[in-house]
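What follows is one structure encoded as structure tokens, with my remarks underneath.
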Amino acid sequence: MPDGDYQNPEIARGYADSLQKRLAAHPTSITLMEVCGTHTMSIYQHGIRDLLPPNLRLVSGPGCPVCVTPVSTLDRAIALAQQKDILIATFGDMVRVPGSASSLLREQALGAHIQIVYSPLDALALARRNPQKHIVFLGIGFETTAPTVAATLVKAQDEGMDNFSVLCAHKTMPAAMAALTADANLTVDGYLCPAHVSAIIGADAYRFLAEERRIPCVITGFEPLDILQGIDMALAQILEERPRVDIQYQRFVTPAGNRLAQALLAKVFEPCDAEWRGLGTIVGSGLRLREEFASFDAEKIWPVAIPLSKESPACRCGDILKGLIQPGDCPLFARTCTPENPVGACMVSNEGTCAAAYRFGI
Amino acid sequence: MHNDIILLGHGSGGKLSHQLLDDLIIPTLSGTALKDQNDAAVLAIPPGEGRLAFTTDSYVVDPLFFSGGNIGDLAINGTVNDLAMSGARPLAISVGLILEEGLPIADLKLILQSMRKAAKAADVAIVTGDTKVVPRGKADRIFINTAGIGIVEHGITLGGSQARAGDKVLINGTIGDHGMAILSRRENLEIEADICSDSAPLHDLVADILAAGGHSVHVLRDPTRGGVATTLKEIALQSQVEIILEEKHLPCRREVHGICRLLGLDPLYVANEGKLLCVVAENKAADVLHAMKKHPLGHQACFIGEIQGSNFGRVTLRTAIGGLRSVDMLTGEQLPRIC
Numbered sequence: 227m228p229d230g231d232y233q234n235p236e237i238a239r240g241y242a243d244s245l246q247k248r249l250a251a252h253p254t255s256i257t258l259m260e261v262c263g264t265h266t267m268s269i270y271q272h273g274i275r276d277l278l279p280p281n282l283r284l285v286s287g288p289g290c291p292v293c294v295t296p297v298s299t300l301d302r303a304i305a306l307a308q309q310k311d312i313l314i315a316t317f318g319d320m321v322r323v324p325g326s327a328s329s330l331l332r333e334q335a336l337g338a339h340i341q342i343v344y345s346p347l348d349a350l351a352l353a354r355r356n357p358q359k360h361i362v363f364l365g366i367g368f369e370t371t372a373p374t375v376a377a378t379l380v381k382a383q384d385e386g387m388d389n390f391s392v393l394c395a396h397k398t399m400p401a402a403m404a405a406l407t408a409d410a411n412l413t414v415d416g417y418l419c420p421a422h423v424s425a426i427i428g429a430d431a432y433r434f435l436a437e438e439r440r441i442p443c444v445i446t447g448f449e450p451l452d453i454l455q456g457i458d459m460a461l462a463q464i465l466e467e468r469p470r471v472d473i474q475y476q477r478f479v480t481p482a483g484n485r486l487a488q489a490l491l492a493k494v495f496e497p498c499d500a501e502w503r504g505l506g507t508i509v510g511s512g513l514r515l516r517e518e519f520a521s522f523d524a525e526k527i528w529p530v531a532i533p534l535s536k537e538s539p540a541c542r543c544g545d546i547l548k549g550l551i552q553p554g555d556c557p558l559f560a561r562t563c564t565p566e567n568p569v570g571a572c573m574v575s576n577e578g579t580c581a582a583a584y585r586f587g588i
Numbered sequence: 002m003h004n005d006i007i008l009l010g011h012g013s014g015g016k017l018s019h020q021l022l023d024d025l026i027i028p029t030l031s032g033t034a035l036k037d038q039n040d041a042a043v044l045a046i047p048p049g050e051g052r053l054a055f056t057t058d059s060y061v062v063d064p065l066f067f068s069g070g071n072i073g074d075l076a077i078n079g080t081v082n083d084l085a086m087s088g089a090r091p092l093a094i095s096v097g098l099i100l101e102e103g104l105p106i107a108d109l110k111l112i113l114q115s116m117r118k119a120a121k122a123a124d125v126a127i128v129t130g131d132t133k134v135v136p137r138g139k140a141d142r143i144f145i146n147t148a149g150i151g152i153v154e155h156g157i158t159l160g161g162s163q164a165r166a167g168d169k170v171l172i173n174g175t176i177g178d179h180g181m182a183i184l185s186r187r188e189n190l191e192i193e194a195d196i197c198s199d200s201a202p203l204h205d206l207v208a209d210i211l212a213a214g215g216h217s218v219h220v221l222r223d224p225t226r227g228g229v230a231t232t233l234k235e236i237a238l239q240s241q242v243e244i245i246l247e248e249k250h251l252p253c254r255r256e257v258h259g260i261c262r263l264l265g266l267d268p269l270y271v272a273n274e275g276k277l278l279c280v281v282a283e284n285k286a287a288d289v290l291h292a293m294k295k296h297p298l299g300h301q302a303c304f305i306g307e308i309q310g311s312n313f314g315r316v317t318l319r320t321a322i323g324g325l326r327s328v329d330m331l332t333g334e335q336l337p338r339i340c
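Listed in order, the protein sequences are those of chains A and B.
Each residue of the first sequence is one higher than the last, beginning at 227 in the working numbering.
Each residue of the second sequence is one higher than the last, beginning at 2 in the working numbering.
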């Protein structure tokens with residue numbers, strides 16, 4: 227089953243040996259944060275931690291779009307799902323995430339119309355096929371998914387659709403990473419920057435982190451050898467004390483990124499402050515629909531009342547998302563919080579840190 | 002037949018019901034016992050031949066028709082395989098049809114024809130059955146329930162609790178084909194990939210395995226829903242052993258692997274319908290593998306792991322790059338990821 231090109235065990239062993247040698251005499255522990263849910267999954271799935279020296283720590287940041295979506299967004303989606311004329315279209319891994327009192331999966335079981343889609347264009351097609359229903363697409367995700375939502379909205383506008391809207395909860399990554407570096411409690415020595423996001427925004431988007439915040443950044447692909455090489459490159463920056471933005475994932479990422487996607491984002495969205503689950507409100511870290519697209523803004527055209535959102539007080543997802551604690555440090559982990567009965571979002575998403583640790587942890 | 006779709010009257014027990022049975026279901030599924038239309042089939046069991054195996058299953062697949070099969074042959078093959086995994090030679094099958102009002106008769110006919118063909122291929126008789134019609138909206142076009150009985154010869158004792166330290170784990174071919182064939186046909190997922198379901202009857206392959214391995218074959222299981230991962234975890238728990246899997250040996254078609262990666266799914270958890278996992282003592286493992294490879298449904302057979310005596314109930318995967326990770330059961334449905 228392995229993909230031979232990027233999973234060569236001899237090359238992997240070579241990186242592992244190199245890391246072991248370089249850190250054998252290093253007096254302190256080094257912490258790298260991967261800021262992408264797919265990296266987190268890949269690290270666990272391929273047993274990469276198993277190959278690293280004991281004083282090299284990998285922690286997971288707020289890189290899973292499902293995990294960082296606040297309870298209030300879910301509560302709003304659930305309230306919309308309870309309207310009889312509305313059908314909620316959503317990516318699959320959102321349906322299990324608990325809101326304050328329910329989840330989309332539970333609402334579906336109670337009769338709400340919820341449809342899992344693989345792209346926002348599928349949601350638009352649903353709207354065309356169901357003119358008697360209003361389709362609300364749950365727009366979550368970072369710069370990776372936001373351009374496809376933007377393209378869908380442009381298409382919907384061109385077609386004059388009046389039964390399609392987006393509950394917009396998109397977020398942008400560099401602002402969140404900057405917020406993390408400003409947290410005095412965090413001791414992250416370097417970032418493994420997200421690959422898909424970087425393919426859109428380009429490596430230059432992180433330069434301020436390296437130049438102003440003095441934190442090494444390496445944009446890393448998802449294959450095991452990508453990740454091992456990315457770790458090696460980050461370590462080189464840390465040991466040389468020369469922070470910069472390196473691109474390990476050169477097959478897809480350029481300094482400037484995807485201009486077409488960036489133009490689409492700018493046409494449809496504008497920056498706003500956004501609430502992140504566990505991290506609070508981060509200035510300028512969200513995307514909202516521009517005025518020209520207000521008629522597609524579900525929050526404006528379906529003003530539903532939602533109760534004051536509440537999370538389980540014992541849930542430590544916030545500390546997990548900041549890399550302050552590992553899943554095993556949370557008192558709920560694998561006890562009251564399991565994939566079958568998740569308390570926090572980190573356990574529910576496929577790419578959540580706790581779900582990965584629960585599923586793949588040795 | 003007056004209509005081209007199933008009507009509620011087809012389930013009323015009256016004339017339409019009899020027409021459906023006489024004109025379509027019985028002639029298509031054939032079988033003497035069915036023609037007799039008694040309340041039960043009476044079967045002769047060869048004297049002194051062993052013990053009876055008895056199984057039941059229900060089939061509710063969407064879409065009904067997919068690349069490599071349909072709900073009809075899936076139902077027959079699935080039941081044959083459930084019997085075969087206990088070492089039984091299939092003898093007879095019952096078929097319960099739950100039809101939704103509005104189901105095209107043409108679709109029902111195709112499904113029944115596939116059932117007959119599958120039963121013939123597995124050398125098993127469909128001997129009794131039942132048909133109900135429910136109002137539109139109360140079922141998803143057609144549900145099929147089957148029960149099967151088979152004969153287990155003397156001396157065969159297979160079971161999930163029989164795995165022992167040192168045993169080898171074999172599989173008869175690529176994983177995830179059925180699940181991905183179904184998914185790639187689902188609404189809204191336009192995937193241009195040539196992936197066929199692996200739906201097939203495995204009783205013949207099982208006979209060859211047992212002939213080659215005899216008492217040394219300890220466990221046979223078909224990794225259907227939940228995939229190879231869930232089935233191996235069940236075996237590890239039942240036998241209180243640890244199973245060490247080698248990722249580099251896990252056979253998976255490039256297309257299946259590719260689509261799984263695209264959607265964030267793991268082929269280890271994707272359903273199979275023509276695969277079996279065989280846990281066999283080390284001294285007979287090579288013989289069993291040889292026998293599997295000679296069979297048309299086992300030519301891609303290979304070792305995928307071994308049983309250890311420590312860490313009871315655990316399944317561990319040695320990844321392609323040499324790391325270790327745990328393998329757990331499937332939780333809920335596998336859901337496609339966001340990005």
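Beta carbons: idealized from backbone N, C-alpha and C, even for Gly.
Assignment of alpha helix (DSSP H) within the segment 298–373 of chain A, counting only whole runs of 4 or more residues, yields 330–335, 346–355 in chain order. At a cut-off of 8 Å between C-beta atoms, G214(B) does not count as an interface residue with respect to chain A. Residues D5, I6 of the same chain have their beta carbon placed closer than 7 Å to that of P105(B), with the five preceding and five following residues left out of the count.
By the 16-neighbour rule on beta-carbons within 10 angstroms, L379(A) is buried. Counting of Cβ neighbours within 10 angstroms places H300(B) among the exposed residues, the total staying below 16.
With respect to G156(B), H216(B) sits close: the two C-beta atoms are nearer than 8 Å. Of H360(A), L461(A), E333(A), the smallest CA-CA separation from H252(A) is found for L461(A).
Restricting attention to S298(A), A305(A), T254(A), the CA atom closest to the CA of P280(A) is found in T254(A). In its chain, beyond the 5 residues on either side, A421, Y475 have a beta carbon closer than 6 Å to the beta carbon of G447(A). For A292(B), there are no C-beta contacts with chain A under 9 Å, since the nearest C-beta of that chain is about 24 Å from it. In this chain, the beta strand (DSSP E) harbouring K169(B) covers 169–172. Under the 8 Å criterion on CB atoms, L325(B) is classed as interfacial with respect to chain A.
Taking 4 residues as the minimum length, the alpha helix (DSSP H) runs contained wholly in the segment 212–297 of chain B are 228–240, 255–264, 283–295, in order along the chain. At a cut-off of 8 Å between beta carbons, P565(A) contacts chain B. Within chain B, the residues placing a beta-carbon under 7 Å from that of Q271(A) are R326, ordered along the chain. In this structure G79(B) is buried. Its beta-carbon is surrounded by 16 or more other beta-carbon atoms within 10 angstroms. Within 7 Å of the CB of A238(A), the CB atoms of chain B belong to I322, G323, in sequence order along the chain.
Judged by DSSP secondary structure, S31(B) falls outside any alpha helix (DSSP H); it is assigned neither H nor E. Listed in chain order, the non-local C-beta contacts of K234(B) below 7 Å within the same chain comprise V316, V328, D329, M330, local neighbours out to five positions each way being set aside. For F144(B), the secondary structure class from DSSP, reduced to helix, strand or coil, is strand. Residue state for G12(B) is assigned as helix, using DSSP reduced to three classes. Contact between V285(A) and M320(A) fails: their C-beta atoms lie close to 24 Å from each other, not under 8 Å.
The CB of D329(B) comes closer than 7 Å to the CB of R585 in chain A, given here in chain order.
Counted as a single uninterrupted DSSP element, the stretch harbouring Q474(A) is not any beta strand (DSSP E), since DSSP gives it neither H nor E. Sequence-distant Cβ neighbours of L269(B) in its own chain, meaning closer than 6 Å and more than five residues away, are G228, V229, A230. Interface annotation, L534(A): not in contact with chain B, CB-CB separation never under 8 Å.
With respect to the 8 Å criterion, L221(B) and R117(B) are not classified as neighbours on the basis of their beta carbons. One finds nothing in chain B with a Cβ atom closer than 8 Å to the Cβ of L513(A); even the nearest lies about 15 Å away.
Linking I551(A) to A287(B) through their CA atoms gives a straight-line distance of about 48 Å. According to the DSSP secondary-structure assignment, L490(A) is paired through a beta bridge with no residue.
Distance check between S329(A) and each of C580(A), V574(A), G578(A) places V574(A) closest, using alpha-carbon atoms only.
Going by C-alpha positions, D83(B) is about 56 Å away from A405(A).
Membership of F390(A) in the beta strand (DSSP E) is indicated by the continuous run 390–396. Residues of the segment 572–584 of chain A that bring their beta carbon within less than 7 Å of a beta carbon in chain B comprise N576, E577, in sequence order. Close to T332(B), with beta-carbon spacing below 7 Å, are these residues of chain A in chain order: P565, E566. Excluding five sequence positions before and after A272(B), the CB atoms of its chain that fall closer than 7 Å to its own CB belong to H179, G180, T225, R226, G228, given in chain order.
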